[in-house]
Structure formats: C-alpha cells, structure tokens
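Asker:
Number of protein chains: 2
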Amino acid sequence: MKTLSESRCFGGTQGVYSHTSQVTGCDMTFGLFLPPEAENEAVPLVWYLSGLTCTHENAMVKAGAQKWAAQEGLALVFPDTSPRGEGVPDDENYALGQGAGFYVNATEAPWSTNFRMWDYITEDLPRVLFSAFPLDESRQSIMGHSMGGHGALTIAMSFPGRFRSVSAFAPITHPTASDWGRKQLTAYLGTDESKWAPHDSVLLMRKRGFDGPILIDQGASDQFLDALKPEALAEAMMARRQQGIIRMQPGYDHSYFFVSTFMEDHIQFHAEALYD
Amino acid sequence: MKTLSESRCFGGTQGVYSHTSQVTGCDMTFGLFLPPEAENEAVPLVWYLSGLTCTHENAMVKAGAQKWAAQEGLALVFPDTSPRGEGVPDDENYALGQGAGFYVNATEAPWSTNFRMWDYITEDLPRVLFSAFPLDESRQSIMGHSMGGHGALTIAMSFPGRFRSVSAFAPITHPTASDWGRKQLTAYLGTDESKWAPHDSVLLMRKRGFDGPILIDQGASDQFLDALKPEALAEAMMARRQQGIIRMQPGYDHSYFFVSTFMEDHIQFHAEALYD
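Taken in order, these protein sequences are the chains called A and B.
Quick note on numbering: UniProt numbering labels position 253 of the first sequence as 253, and the sequence is numbered without any gaps.
Quick note on numbering: UniProt numbering labels position 153 of the second sequence as 153, and the sequence is numbered without any gaps.
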C-alpha cells in the first residue's frame, strides 16, 4: 500500500492511499478519513460508495462528511467506483465501464477480468483497511449516492450482521427495471436475469430486508428520478415492515449540493447505530 | 357553546366544551388546549383527529401532546369521532356507527341524518373555534391516528391552502381496498365506489397530493398493519415526489404508547411549518 497524501482535517487525518488489488487486477486508490480518536483506539468505520463517473475523490472533497465524522469519532472510507488504467476496458457511455462498476462481479467479456467491484468492496479493501489502520471491524455502517446507494443497499442486505445501519442519497433502487441498470447488468452479468436479482435493492428488500435501520433521502427535483424509482423501494420497505426512514426532499436535485445538505443527518444516523 | 371543564395544563388551559351542531344534529363535545401565549394573541391551531372507538377524550389524556404544544405555543383541538346520543344510529360492530364516523358525509340510511363528520370537521367546528377562541385561522395544521390519520390526510389534501402540514400515526391509508374501509364506505356512501375515492388517501395522493410537508409514523408491530397499508401510501407519495417523511418504527404497536412516543416529533414538525 502506498500513501499518496495525508492532510490534517477537522483535527483528524484525510489520507489518500493506493494498493494493488488481486481482485481487480490493477492499482486501486481510496480515501480514508480518520477522526482524532484513531490516535488512541480503533474507531468505527462508515463506508461511502460513490455514484457514476466518480473516483475516490468526489465525495471526499464535496460531501462535507468529515466535519460530522470528526464530531462523532467515525472513520470514513471513500473507495473508487471501478478498476481503472490503460489495460482496463472502458466504454464511451459514462454509465458503463470505468467509473461505472455498479458494485458487481462481471462474468462477461471484456469486463470479467477487472470489473469485480463486489469482491473488491466486500473482501479486498476490507482486508487492506483492517490490517493497516486503527478501525473496529465489529462496528461498520455503509452509505452511498446514486449508483453508490445501490451498492450500499445491496451489500448491506447481502452481509447480515456486518453493517449496523445503511443509508442512501438518491439510490438506484431497482436496476433490473431501470435505464440505469438493465444495460449494465446485461453487459456485466449476461442476459440471464436471475443473475441480476442479487443486485437489485427492491428485490432484496422483498426477499430478505436489512437487519438494522435504513435512511433514504431523495430530492424531488432530481433529474434522474425515473431511473432511481424511489417509489418501488418505499413500497417494498413498508410492505416488509423494514425499520427505516424515507424522506422526499422538495427542490433538491441529484448533485452533491443535495448530498452535502443532508450529510449531517446521515452521519448522526450511523453514529446512533454504531454507538448503540 | 357550553364549557364543561377548564384545567390549567403546562401553563396553558385544557378545556372541554360542547355545542349543538346543525350539521350532525346533536350535541358535540371537543377538547381544546390553549398555550400560555393565547392570553395575549391568536395562536396557530393543530387539529388532532382520533381513531376508531375514541371520543374527544382519548388523545387529550393519553397522547402527551400538551407539553410539546405548550413549548411551541400551539393550540390543539381534539374533536369527537362521530355524532352520539340516544337518537343517533349505531351498530354493534365497533368499526361502524358511533365512534366510527370515518370523516365522511353519509348519504345512506340510517346514517345520513347525523353522520356528517366531513362537514363537521371542515365547516361547523372551525366556525365555533375561530369565533370563540384566540386562534389564528391562517396558521393551521392537522394530524391524526389510525381512522383519524385517514381523516387528517384526506381533509388536508382536499382543502389546499388551509393546512400548512399534515401528519399521521398509523393511518388507514387505502380504505377503498381495506377491511377498515370497504364495509364502512358501503354503509355510509353506498355501493358506487366512485363516491369513495375522495376519501382514500392513496387515491388522493395519486391524483393531487398535498401542498406542504407530510410526516407518517407507523409501528412495525402494529396488529392492524394489513388494514392500514402503509406500503400503498409510501409508493404513492414517492411516485408523486410528495414532500414528506415516512418512518417504520420497529417494535411499536397501534396503541397510544406508540403515539405518545413520537408525539414530540410531530408537534415539532408542525411547529416548523406553522412558524415558517
């Protein structure tokens, strides 16, 4: 693992690191914020999964999460959204290929060699994080934005007991029925839709739900609402009696201006679960 | 109007009053809490509509709302849930007749003479309240529990501009498709289901929505969940991009122990809208 930079931030440290991943077959970069408490003890960790086109950097510089994480004594990790580099396949469409890993393990050519973001986020990066930093593996929560909200929700529901809480800003909720999903799942996983189901939050909610609290924020002026389908997830959460809060926020769009506005609420929500 | 009782309560006054209603053709009793500020000025008013079997008294003594209303300087009105008295029809089923007005104007015999709770709550009682008490008609919000949540939501959506916010505890959301609804709407309004539609929150949400914020709380251990159908309202609210918050609260049932637990949040929610 290489340290690319470390900066003092709200009394803690915002670092950027890279490591060679055996899972994605390329170098991967991530951001990690450690609060002041990490100098003395292992601290809880909140994952932030980013959306389409993002690298590890977007949320790290635009979401305004460090202030609240510092107050609550929480670490934040900002992974990249896909493998990258010259030998890694890409597509001219921003919603496929580099910057658009969709948090799945691709099985189809040309993607299957590198695009294994499911295993990267759930196995490879945790191994790096918990061996190299003072992080308490028994206290983790996860959140994300848009495609990253999809990643956070699907991963949280697929690893019962690992995450105490999950939240999402404007998540892609139902990719098997969405323009943001069908094309990508076809490319990465093939045409057999039964392979898609484990990567659809609405279907996972109907089948098993999440064993902790969920917080969802959605902007009512989001330009991508038709692709996000919050109504499908809301229906599924209520039908399952899933512990959770769903909020429709009037006037807000899909940007980091929306994310940063409600970041304090999300960090406090996770802190409450992590210090329970 | 007769004063039945007035008691000091959190520095304000909890009164119980009765008046002869031309609309329901009988004497009607209501509770009214006035905060200390009402001695000097007209104060905002929050309506609380109760559920099946309740009188004006249940929420007044069990919901714990006065403490928060006093802090926020809000008045609270607790109307009865139906006409009552010896000449008023009734049914042996607790969910029809006295204590079960469903906030509609009955058109069918034997109910049509007295069971006009829609007009009572939206015309008759407001006339009494705003002529006799220091209440600011331009600042009103409305909430309710169960059948009263149904009343609050349907009335709020049907009078755009009258209420700044609406909230509900475990509301009956979709009575045209519920065991708590189809029987009563048939009895009160007849078999033509087009007459039922204006009294169904899910259908109203799909058609027009509410021009302000909505807060819904639902207990996940509510013994009546199948009749309440929060999933239908959640889906309709999100599909409409309705400003609002929906919360599924694990472990809570349908009782006033649930209502009183979250009453502070609801009063603060309304206060924010009323003092905007």
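Idealized CB from N, CA, C, for every residue including glycine.
To the nearest angstrom, how far is the alpha carbon of residue 119(A) from that of residue 102(B)?
Answerer: Mapped onto the first sequence, residue 119(A) falls at position 119. Mapped onto the second sequence, residue 102(B) falls at position 102. Their backbone Cα atoms lie some 54 Å apart in a straight line.
Asker: Is residue 225(B) close to chain A? Criterion is C-beta to C-beta, closer than 9 Å.
Answerer: Counting from 1 along the second sequence, the entry for residue 225(B) is found at position 225. Chain A, which has a Cβ nearer than 9 Å to the Cβ of residue 225(B), makes this yes.
Asker: By the three-class DSSP mapping on this structure, what secondary structure does residue 155(B) have?
Answerer: Sequence index remark: in the second sequence, residue 155(B) carries index 155 (1-based). In the structure shown, residue 155(B) sits in a helix (DSSP, three-state: H, G or I).
Asker: Which of the three DSSP states, helix, strand or coil, is assigned to residue 63(B)?
Answerer: The residue given as residue 63(B) occupies position 63 in the second sequence. Judged by DSSP in its simplified three-state form, residue 63(B) adopts coil rather than helix or strand.
Asker: Could you check what DSSP says for residue 17(B) in three-state terms: helix, strand or coil?
Answerer: Against the second sequence, residue 17(B) aligns to sequence position 17. It is a strand residue.
Asker: Return the Cβ separation of residue 122(A) and residue 155(A) in integer angstroms, given the expectation that the two are a contact with Cβ distance under 8 Å.
Answerer: In the first sequence, the residue the question calls residue 122(A) occupies position 122. In the first sequence, the residue the question calls residue 155(A) occupies position 155. With 8 Å as the limit, residue 122(A) and residue 155(A) qualify as a contact, their Cβ atoms being about 6 Å apart.
Asker: So, do the segment 260-269 of chain A and the segment 78-91 of chain B have three or more beta carbon pairs nearer to each other than 8 Å?
Answerer: no
Asker: I'd like to check one pair, residue 151(A) with residue 49(A): are the Cβ atoms closer than 9 Å?
Answerer: For the purposes of this step, residue 49(A) is identified with residue 49 of the first sequence, where counting begins at 1. For the purposes of this step, residue 151(A) is identified with residue 151 of the first sequence, where counting begins at 1. In this structure, residue 151(A) lies closer than 9 Å to residue 49(A) by Cβ.
Asker: Check whether the segment 103-112 of chain B touches the segment 60-73 of chain B, counting contact only when three or more Cβ pairs, one atom from each stretch, lie closer than 8 Å.
Answerer: no
Asker: Is the shortest distance between the beta-carbon of residue 230(A) and the beta-carbons of chain B less than 9 Å?
Answerer: Within the first sequence, residue 230(A) is the residue found at index 230, counting from 1. It does; some Cβ of chain B falls within 9 Å.
Asker: Relative to the C-alpha of residue 27(A), which candidate in 58(A), 138(A), 96(A) and 114(A) has its C-alpha closest?
Answerer: For the purposes of this step, residue 27(A) is taken as the residue at position 27 of the first sequence. Selected option, being the one with the closest Cα: 114(A).
Asker: Within the chosen definition, does the segment 209-217 of chain B reach the segment 246-253 of chain B through at least 3 CB pairs nearer than 8 Å?
Answerer: yes
Asker: Report the neighbours of residue 242(B) on chain A: residues whose CB is nearer than 7 Å to its CB, in chain order.
Answerer: As a working mapping, residue 242(B) is identified with position 242 in the second sequence. Within chain A, the residues near residue 242(B) are 248.
Asker: Say whether the segment 29-47 of chain B touches the segment 230-243 of chain B, bearing in mind that this needs 3 or more beta-carbon pairs closer than 8 Å, one atom from each stretch.
Answerer: no
Asker: Residue 169(A) bridges to which residues according to DSSP?
Answerer: The residue you call residue 169(A) lines up with position 169 of the first sequence. Answer is 145(A) and 217(A), bridged to residue 169(A).
Asker: Over what stretch of residues does the alpha helix (DSSP H) that includes residue 260(B) continue unbroken?
Answerer: Looking up residue 260(B) in the second sequence gives position 260. 256-274 is the span of the alpha helix (DSSP H), which, as asked, contains residue 260(B).
Asker: Classify residue 127(A): buried if its beta carbon has 16 or more other beta carbons within 10 angstroms, exposed otherwise.
Answerer: Sequence index remark: in the first sequence, residue 127(A) carries index 127 (1-based). Answer is exposed; the Cβ neighbour count stays below 16.
Asker: Rounded to whole angstroms, what is the Cα-Cα separation between residue 237(B) and residue 205(B)?
Answerer: Taking the first residue of the second sequence as position 1, residue 237(B) is located at position 237. Taking the first residue of the second sequence as position 1, residue 205(B) is located at position 205. Their Cα atoms are separated by approximately 6 Å.
Asker: Less than 6 Å between C-beta atoms, sequence neighbours within five positions excluded: which residues of the same chain meet that for residue 15(A)?
Answerer: Walking along the first sequence from the start, residue 15(A) turns up at place 15. Cβ within range, chain order: 6 and 32.
Asker: Tell me which residues share the same chain as residue 1(B) and place their Cβ nearer than 8 Å to its Cβ, disregarding the 5 neighbours each side in the sequence.
Answerer: Counted from its first residue, the second sequence places residue 1(B) at position 1. Contacts found: 17, 18, 19, 128 and 132.
Asker: Given that residue 267(B) touches chain A, what residues does it touch there, using C-beta distances under 9 Å?
Answerer: Numbered from 1 along the second sequence, position 267 holds the residue referred to as residue 267(B). Those within 9 Å of residue 267(B) in chain A number zero; the least Cβ separation is about 18 Å.
Asker: If contacts are defined as beta-carbon pairs under 8 Å, then residue 139(B) and residue 274(B) qualify, I think. What distance do you get, rounded to the angstrom?
Answerer: Residue numbering aside, residue 139(B) sits at position 139 when the second sequence is read from its first letter. Residue numbering aside, residue 274(B) sits at position 274 when the second sequence is read from its first letter. That pair is a contact at about 5 Å.
Asker: Among all the DSSP beta bridges, which residues are the ones paired with residue 279(B)?
Answerer: Lying outside 1 to 276, the shown extent of chain B, residue 279(B) is not represented and no answer is given.
Asker: Using a cut-off of 8 Å between C-beta atoms, extract the partners of residue 106(A) located in chain B.
Answerer: In the first sequence, residue 106(A) corresponds to position 106, counting from 1. Going along chain B, no residue has its Cβ under 8 Å from residue 106(A), so there is no contact; the nearest lies around 31 Å.
Asker: So is residue 264(A) in contact with chain B if we call contact Cβ pairs under 9 Å?
Answerer: One-based indexing of the first sequence puts residue 264(A) at position 264. Closer than 9 Å: no.
Asker: Can you have a look at residue 109(A) and say buried or exposed, based on whether 16 or more other CB atoms are within 10 angstroms of its CB?
Answerer: Mapped onto the first sequence, residue 109(A) falls at position 109. Exposed, because fewer than 16 other Cβ atoms sit within 10 Å of the Cβ of residue 109(A).
Asker: Give me the Cα-Cα distance between residue 99(B) and residue 74(B), rounded to the nearest whole angstrom.
Answerer: Working through the second sequence from its first residue, we reach residue 99(B) at position 99. Working through the second sequence from its first residue, we reach residue 74(B) at position 74. Cα to Cα, residue 99(B) sits roughly 26 Å from residue 74(B).
Asker: Check for me: the beta strand (DSSP E) holding residue 28(B) runs from which residue to which?
Answerer: Taking the first residue of the second sequence as position 1, residue 28(B) is located at position 28. Unbroken beta strand (DSSP E) run through residue 28(B): 26-34.
Asker: Is it the case that the Cβ atoms of residue 136(A) and residue 45(A) are separated by a distance below 9 Å?
Answerer: In the first sequence, residue 136(A) corresponds to position 136, counting from 1. In the first sequence, residue 45(A) corresponds to position 45, counting from 1. Closer than 9 Å, so yes.
Asker: Mind checking residue 58(A): buried by the 16 CB within 10 Å criterion, or exposed?
Answerer: The residue given as residue 58(A) occupies position 58 in the first sequence. By the neighbour-count rule (16 or more Cβ atoms within 10 Å), residue 58(A) is buried.
Asker: Roughly how many angstroms lie between the CA atoms of residue 224(A) and residue 253(A), to the nearest whole one?
Answerer: As a position in the first sequence, residue 224(A) is number 224, starting the count at 1. As a position in the first sequence, residue 253(A) is number 253, starting the count at 1. Cα-Cα distance, rounded: 9 Å.
Asker: Looking only at its own chain, which residues have a Cβ that is under 7 Å from the Cβ of residue 80(A), when we skip the five neighbours before and after it?
Answerer: Counting from 1 along the first sequence, the entry for residue 80(A) is found at position 80. Correct list, in chain order: 28, 29, 30, 55 and 56.
Asker: Please classify residue 224(B): does DSSP put it in a helix, a strand, or coil?
Answerer: The residue given as residue 224(B) occupies position 224 in the second sequence. Correct three-state label for residue 224(B): coil.
Asker: Taking only beta carbons into account, state which residues of the segment 124-158 of chain A come closer than 7 Å to chain B, listed in chain order.
Answerer: none
Asker: Report the three-state DSSP secondary structure of residue 7(B) (helix, strand or coil).
Answerer: Position 7 of the second sequence holds residue 7(B). In this structure, residue 7(B) counts as strand in the three-state DSSP scheme.
Asker: Identify the continuous beta strand (DSSP E) that holds residue 319(B) and give its terminal residues.
Answerer: Outside the displayed span of chain B (1 to 276) sits residue 319(B), for which this structure offers no information.
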